[in-house]
RNA sequence: GGAGAAGUGGCCGAGUUGGCCGAAGGCGCACGCCUGCUAAGCGUGUAUACGGUGUAGAGCCGUAUCGAGGGUUCAAAUCCCUCCUUCUCCGCCA
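Numbering (the working numbering), first residue to last: -8 to 417.
In structure tokens:
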């Protein structure tokens, strides 16, 4: 959520932001609501002030045994009127809040202006795209042939966009997860967390999934308003909702390995084969709570931490900056890391690292107490995949394939593979 | 799943014949004084949000907030309803 004061004082900044994001949201709508709200507050509070002034007078008369009928009559009318205006005020406030909650974050000045992913500049390219002396195959083809992936039985169990992994493949995914966690906790100072995979509406609203993107989520039919997490960013970031952190404690760095659940509504026809786009996948997520003065350093730091995984696995990748038109709702700046997939002959997203500045912190009410200052400030929150485990499995399979259809296990994963060094066709 | 108890300011804890309660007291914290020695004492201050004004995150005025939401009433921390959370006992269970 944006700062209400900023909306009121400098609506042009918001207009400009929305223009860069190609949004149709109209700031004038907000300004009108805000005017109306202020007018109502003035009226309602004047009436309540009257009530507070006359109330003790009534009590005084009653105690003295005097008649207070005239005041009671008058106050009855005041109370009635106050109630009417209060109801209208509540409506206006709710509408205004909803409007505020649907406005995306303001892009950082360094973010390139653009319309679509075509306009995302490449920041750096790391590792050489491997040259194969045969036609590299796609992961789903290799995985199925080697008995590791089974999409047909998954369809039977659940439906499209699910997968069952067996044997070496299940082990490889577990190895990747463990390797990532060990790297982030051991090398980069992250604290490992196991959060709930089901969260409530408040939590989903704190990070920005709600109210705008409910159709992307799996909602439980339970009357308790439960949702399956689409990413561990949601529970990790909300861990400190409604809390005040010590300034010296910043930055706080959490990581978690969790399943992620996404409805993938509106992605019909995209990536219909393989593991790239599933309703359920695993991800190691990193979340930082940073001091506002250092959050952009933290973004670089987090991105490097994600890249480290690919470097250790010797997987070629590149880093791009998302342009204003391609950036997510809550982000002020986002780097995507794209890994090379020989089977697809292109780079595909495997991590997304964002600085949300105080956008989520304001929604979730996460603050810190600056030393010497009176007022508490919102922290900056960052999140990034470190990495998407399912897509990393895809990358390993495709990059480490050999002409005979076998797959070599990357050096860095061998300690986790229980002796498996090569997966070969039977 | 059954039975019961509780939710007040950073913490503890008063307040339940509705009005004099934004809320006693204590602790903690901040500043000052005193004293001077591994202490203590004294004084003052100590929430947040919104609205108005404005020297525009100074001050002042107003409103709201005693788990959340709704109701009764001229008036509710105090009465009624719903929900949430925590705790205790029993049952069940990975």
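Every residue, glycine too, gets a C-beta built ideally from N, C-alpha and C. Just so it is clear, the structure is predicted and the values come from calculations on it, not from any experiment.
Burial state of residue i, where buried means 16 or more other Cβ atoms lie within 10 Å
i: residue 324; result: buried
i: residue 372; result: buried
i: residue 364; result: exposed
i: residue 349; result: buried
i: residue 47; result: exposed
i: residue 415; result: exposed
i: residue 55; result: exposed
i: residue 80; result: buried
i: residue 107; result: exposed
i: residue 185; result: exposed
i: residue 190; result: buried
N- and C-terminal bounds of the alpha helix (DSSP H) containing residue i
i: residue 142; result: 142 to 148
i: residue 96; result: Per DSSP, residue 96 belongs to no alpha helix (DSSP H) and is neither H nor E.
i: residue 75; result: 60 to 92
i: residue 308; result: It is not in any alpha helix (DSSP H) - residue 308 instead sits in the beta strand (DSSP E) that spans 308 to 312.
i: residue 11; result: 2 to 11
i: residue 333; result: First-last for residue 333: undefined, no H or E at that position.
i: residue 351; result: 350 to 355
i: residue 256; result: It is not in any alpha helix (DSSP H) - residue 256 carries neither H nor E in the DSSP assignment.
i: residue 212; result: Segment: none, residue 212 is in no alpha helix (DSSP H) and carries neither H nor E.
i: residue 412; result: Per DSSP, residue 412 belongs to no alpha helix (DSSP H) and is neither H nor E.
i: residue 229; result: 224 to 229
For residue i, the three-state DSSP class (helix, strand or coil)
i: residue 32; result: helix
i: residue 277; result: strand
i: residue 368; result: strand
i: residue 136; result: helix
i: residue 294; result: helix
i: residue 117; result: strand
i: residue -4; result: helix
i: residue 104; result: coil
i: residue 302; result: helix
i: residue 327; result: strand
i: residue 126; result: coil
Cβ-based neighbour list, residue i, same chain, cut-off 6 angstroms, excluding 5 preceding and 5 following
i: residue 233; result: 356
i: residue 210; result: 218
i: residue 331; result: 120, 307, 338
i: residue 193; result: none
Chain-order list of residues whose beta-carbon lies under 8 angstroms from that of residue i (same chain, five-residue window excluded)
i: residue 412; result: 399, 400, 405
i: residue 73; result: 35, 38, 39, 42
Start-to-end residues for the beta strand (DSSP E) that takes in residue i
i: residue 371; result: 371 to 379
i: residue 346; result: 337 to 346
i: residue 237; result: 234 to 237
i: residue 219; result: 217 to 219
i: residue 249; result: 243 to 252
Same chain only: Cβ atoms within 7 angstroms of residue i, ignoring 5 sequence neighbours per side
i: residue 134; result: 140, 160, 388
i: residue 293; result: 277, 279, 344, 373, 375
i: residue 168; result: 248, 273, 275, 380
i: residue 101; result: 324
i: residue 366; result: none
i: residue 258; result: 268
i: residue 136; result: 396, 416
The ligand HEM heavy atom lying under 7 angstroms from the CB of residue i
i: residue 309; result: This structure does not include the ligand HEM; it has no bound ligands of any sort.
- [ ] Kindly provide the ranges of any beta strand (DSSP E) runs that are 3 or more residues long and lie completely inside the region 151 to 208, ordered along the chain.
- [x] For the region 151 to 208, the continuous beta strand (DSSP E) assignments of 3+ residues that do not extend past its boundaries occur at 189 to 191, in sequence order.
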